[in-house]
Amino acid sequence: MSEPAIIRPDKQTFLAEENPFEAMMERFDHAAKLLNLDPGLYKVLRNPEKQIIVSVPIVRDNGEVEVYTGYRVLYNTSRGPAKGGIRFDLNVTLEEVTALAAWMTWKCALVNIPFGGSKGGVVCDPSAMSMAELERVTRRYTSGIIETLGPDSDVPAPDVNTNERVMAWIMDTYSMHHRHTVTAVVTGKPVAMGGSLGRREATGRGCMIVTREALAQLGMSIVGAKVAVQGFGNVGSIAAELMAQAGATIVAVSDKSTALHNPHGLDVPDMMRWVREKRQLAGYPKGETITHDQVLTVDCDVLIPAATENVISRKNAPHIKAKIICEGANGPTSAAADKILEDKGVFVIPDILANAGGVTVSYFEWVQDRGGYFWDEETVNRRLESIMVRSFSEVMAMAARHKVANRVASYMLAIDRVAAMHRLRGMYA
Ligand code: NAD
């Protein structure tokens, strides 16, 4: 038996209160209405530009042929090349990929980077594949969608169950077909092959920056702020680490394996070391074990859901004590919970703003690859800071002007930018 190529996370235990993607399009509708978007443009923006379905046949290690299904959806490219991740998962569907591509369109527009939105996926179980099989799936899928890929047309990145190794194979396959090396065709690559310094930390860093801005907006400081973090992976652990460095007290943290609490502050670097060694938080001794749900409702100023979708529901929202929720994960709050949080006066930093640091530094990676000139980490972080701070204040201004919640304001800002580009370009017919 060969080793599994990528360890697949356990299935989520949360019962979905609603389909997060339908919820996202509902929010799109709401924002479009407030913007008085004309009916023609509304129809254009509610439909994906291009949906590709490819068959991905490979020979497995035992000699048998297996055929997988792959998707790539370009939702909107009016503002620039499409940008969006590729996931390998049994739950991938065309509908989900389309919605995620729409999500990317709004996120890139919100932080005003010159990209449209896309997403892709292969319906497969990478935990049941060897590394060689995973490579064959990646290369065959890449060749199936190769006409749409390219630094000027569609630029993938890692997503669920894909990583920098997979991006390296995509970059190589594309480059072999084009007979020259094209590093800018993917982002999230290893730094040694044109990846950007600071990309790994970018999403967590973005969360820290907008949380600091939100605290200032409420007249509070990050120094001494009490923070609870759900999820201790790439986003959650880095957000917690940077918040602690800035003076916050991390009072609760969870991952899939456990949830820990210490009102006097958990030692984040120590926990990161533990997880690097043991691959999970379970067994970490310097904190009191609490339930997973208690992390969300613990006494704190800031809650950072950075694990998965739909975790803040109508059931637990009434019990949340945080004044600020920074949505590190995509879609962690259901629409029903949104309403409850709004009534309670909780300051929500919506996902398309809170976790946009990742795609922003992906944009920097693409810029560096195209320019063939690489920035030091300090430059990456400074430019990320400037985009996140500007985007935060633009959302605040939109929310104040239209007297709407931050989430609606973010969608309004993003949709307005995409619509403006369509108006300027006109309709090609
Ligand atoms: P990751 O796989 O590195 O980490 C996920 C963490 O969440 C792990 O610690 C896991 O144990 C934990 N987790 C999973 N289910 C949980 C549960 N039920 N309760 C508590 N903890 C749980 O993933 P990541 O890259 O940190 O991404 C987290 C979220 O952020 C996802 O929604 C992802 O789409 C979103 N996001 C990530 C990036 C990025 O750059 N990594 C960018 C934008 C959005």
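Letter by letter, the sequence shown follows residues 154 to 582 of the numbering used here. Where is the CB? At the ideal position from N, CA and C, for every residue including glycine. Since the structure is predicted, the reported quantities are computational estimates derived from the model, not experimental observations.
For H575, which residues of its own chain have a beta-carbon under 7 Å away from its beta-carbon, when the five flanking residues on both sides are left out? Residue numbering aside, residue 575 sits at position 422 when the sequence shown is read from its first letter. These residues qualify, in order along the chain: L194, V197 and S231.
Per DSSP, H414 is paired with what? The count along the sequence shown starts at 1 and reaches residue 414 at position 261. Bridge partners of H414: A405 and E441.
CA-CA distance, M396 and N415? Locating residue 396 in the sequence shown gives position 243, where the first residue counts as 1. Locating residue 415 in the sequence shown gives position 262, where the first residue counts as 1. Each residue's Cα considered, the two are about 16 Å apart.
Between the C-alpha atoms of F167 and G297, what's the straight-line distance to the nearest angstrom? Reading the sequence shown from its first residue, position 14 is the one you call residue 167. Reading the sequence shown from its first residue, position 144 is the one you call residue 297. Because the pLDDT of F167 is 34, which lies under 50, any placement of that residue in the model is unreliable, and the number read from its coordinates should be weighed accordingly. Cα to Cα, the separation comes out at about 35 Å.
Please state whether the Cβ-Cβ distance between L434 and V406 is less than 8 Å. Stepping through the sequence shown from its first residue, residue 434 is reached at position 281. Stepping through the sequence shown from its first residue, residue 406 is reached at position 253. Yes, the pair counts as a contact, with Cβ atoms nearer than the cut-off.
Should D496 be counted as a contact of the ligand NAD given a C-beta to heavy atom distance under 7 Å? Here residue 496 refers to the residue found at position 343 when the sequence shown is read from its first residue. No.
How many whole angstroms separate the CB atoms of P201 and L227, which I take to be in contact at a CB cut-off of 8 Å? Within the sequence shown, numbered from 1, the residue matching residue 201 stands at position 48. Within the sequence shown, numbered from 1, the residue matching residue 227 stands at position 74. P201 to L227, Cβ: 7 Å. Contact.
Three CB pairs or more closer than 8 Å across the segment 519-539 and the segment 348-360: Yes: at least three Cβ pairs fall under 8 Å.
Got a sec, what are the start and stop residues for the beta strand (DSSP E) E480 sits in? For the purposes of this step, residue 480 is identified with residue 327 of the sequence shown, where counting begins at 1. Neither: E480 is in no beta strand (DSSP E) and is coded neither H nor E.
Any contact between the segment 258-267 and the segment 280-295? By contact I mean 3 or more CB pairs, one from each, below 8 Å. no
Roughly how many whole angstroms lie between the Cα atoms of D446 and V363? Translated into positions along the sequence shown, residue 446 becomes position 293. Translated into positions along the sequence shown, residue 363 becomes position 210. One C-alpha to the other measures close to 24 Å.
My parser needs the beta strand (DSSP E) runs of 3 or more residues fully inside the segment 248-282; what are they? As far as the segment 248-282 is concerned, its whole beta strand (DSSP E) runs of at least 3 residues are 269-276.
So does the segment 327-343 actually touch the segment 301-318, counting three or more Cβ pairs closer than 8 Å? In short, these stretches touch, since the Cβ pair count reaches three.
Using 8 Å as the Cβ pair cut-off and three pairs as the minimum, do the segment 425-439 and the segment 456-466 touch? no
If we count the other Cβ atoms within 10 Å of its Cβ and call it buried at 16 or more, is E179 buried or exposed? Numbered from 1 along the sequence shown, position 26 holds the residue referred to as residue 179. It is exposed - the Cβ of E179 has fewer than 16 other Cβ atoms within 10 Å.
Tell me where the alpha helix (DSSP H) around I362 begins and ends. One-based indexing of the sequence shown puts residue 362 at position 209. From DSSP, the alpha helix (DSSP H) with I362 extends over R352 to Q370.
Considering only the beta carbon of each residue, do L413 and T444 sit closer than 8 Å? Mapped onto the sequence shown, residue 413 falls at position 260. Mapped onto the sequence shown, residue 444 falls at position 291. No, these two residues do not count as a Cβ contact at 8 Å.
beta-carbon H414 near the ligand NAD non-hydrogen atom, thresh 7 Å: Position 261 of the sequence shown holds residue 414. No; taking the cut-off as 7 Å, the Cβ of H414 has no heavy atom of the ligand NAD nearer than that.
Whole angstroms are fine: how far does the CA of D569 sit from the CA of E156? Taking the sequence shown and counting its residues from 1, one reaches residue 156 at position 3. Taking the sequence shown and counting its residues from 1, one reaches residue 569 at position 416. For E156, the predicted structure reports a pLDDT of 41, less than 50, and the residue's modelled location is therefore unreliable. The matter cannot be settled from this model.
Do you know whose CA, among I493, Q521, I478 and H331, lies nearest M361's CA? For the purposes of this step, residue 361 is taken as residue 208 along the sequence shown, with counting starting at 1. Minimum Cα distance to M361 is reached at I478.
Please report the Cβ distance between L253 and G237, rounded to the nearest whole angstrom; I am assuming they are in contact, meaning their Cβ atoms lie under 8 Å. Here residue 253 corresponds to residue number 100 of the sequence shown, with the count starting at 1. Here residue 237 corresponds to residue number 84 of the sequence shown, with the count starting at 1. Rounded, the Cβ-Cβ distance is 7 Å, consistent with contact.
Taking S539 as the reference, give the member of N469, E366, A255 and A489 with the closest Cα. Here the question's residue 539 lines up with position 386 in the sequence shown. When each option's Cα is compared against that of S539, the closest is E366.
Exposed unless 16 or more other CB atoms sit within 10 angstroms - verdict on F541: One-based indexing of the sequence shown puts residue 541 at position 388. Phe is not the amino acid found at residue 541; the sequence shown has Met there. By the neighbour-count rule (16 or more Cβ atoms within 10 Å), M541 is buried.
Candidates T486, T315 and N314, of which the one nearest F500 by Cα: For the purposes of this step, residue 500 is taken as the residue at position 347 of the sequence shown. Out of T486, T315 and N314, the CA that lies nearest to the CA of F500 is found in T486.
Who are the near neighbours of K556 in its chain, counting only those whose CB is closer than 8 Å to its CB and skipping five residues on each side? As a first step, residue 556 is located in the sequence shown; it is residue number 403 there, counting from the start. There are no such residues.
Looking at A482: is its Cβ nearer than 8 Å to the Cβ of P458? By 1-based counting over the sequence shown, the position of residue 482 is 329. By 1-based counting over the sequence shown, the position of residue 458 is 305. A Cβ-Cβ contact shorter than 8 Å links A482 with P458.
How long is the line joining the alpha carbons of V448 and A475, rounded to whole angstroms? Indexing the sequence shown from 1 puts residue 448 at position 295. Indexing the sequence shown from 1 puts residue 475 at position 322. Using only the alpha carbons, I get a separation of about 11 Å.
So for S466, helix, strand or coil by DSSP? By one-based count along the sequence shown, residue 466 stands at place 313. Three-state result, S466: coil.
Status (buried if at least 16 other CB within 10 Å, exposed otherwise) for G498: Residue mapping note: residue 498 aligns to position 345 of the sequence shown, counting from 1. G498 is exposed by the Cβ-count criterion.
Under 7 Å: does the beta carbon of F517 sit that close to some heavy atom of the ligand NAD? As a working mapping, residue 517 is identified with position 364 in the sequence shown. Result no, Cβ not under 7 Å from the ligand NAD.
Can you have a look at R523 and say buried or exposed, based on whether 16 or more other CB atoms are within 10 angstroms of its CB? Counting from one through the sequence shown, the residue named residue 523 turns up at place 370. Its Cβ having fewer than 16 others within 10 Å, R523 is exposed.
Assign P201 to one of three DSSP states: helix, strand, or coil. Taking the sequence shown and counting its residues from 1, the one referred to as residue 201 is at position 48. If DSSP states are grouped into helix, strand and coil, P201 belongs with coil.
Of all the options M373, S466, A381 and P471, which has the alpha carbon lying nearest to the alpha carbon of V404? Translated into the one-based positions of the sequence shown, residue 404 becomes position 251. Residue A381 is the option with its Cα nearest to V404.
Going by the DSSP bridge assignment, what does N229 pair with across the sheet? Your numbering for residue 229 matches position 76 in the sequence shown. Beta bridge pairing from DSSP links N229 with G270.
Just to confirm, does F268 get its C-beta within under 7 Å of one of the non-hydrogen atoms of the ligand NAD? Position 115 of the sequence shown, counting from 1, holds the residue named residue 268. F268 has its CB no nearer than 7 Å to any heavy atom of the ligand NAD.
Sorted by chain position, which residues of the same chain lie with C-beta nearer than 6 Å to K203's C-beta, five sequence neighbours on each side aside? For the purposes of this step, residue 203 is taken as residue 50 along the sequence shown, with counting starting at 1. Correct list, in chain order: L227.
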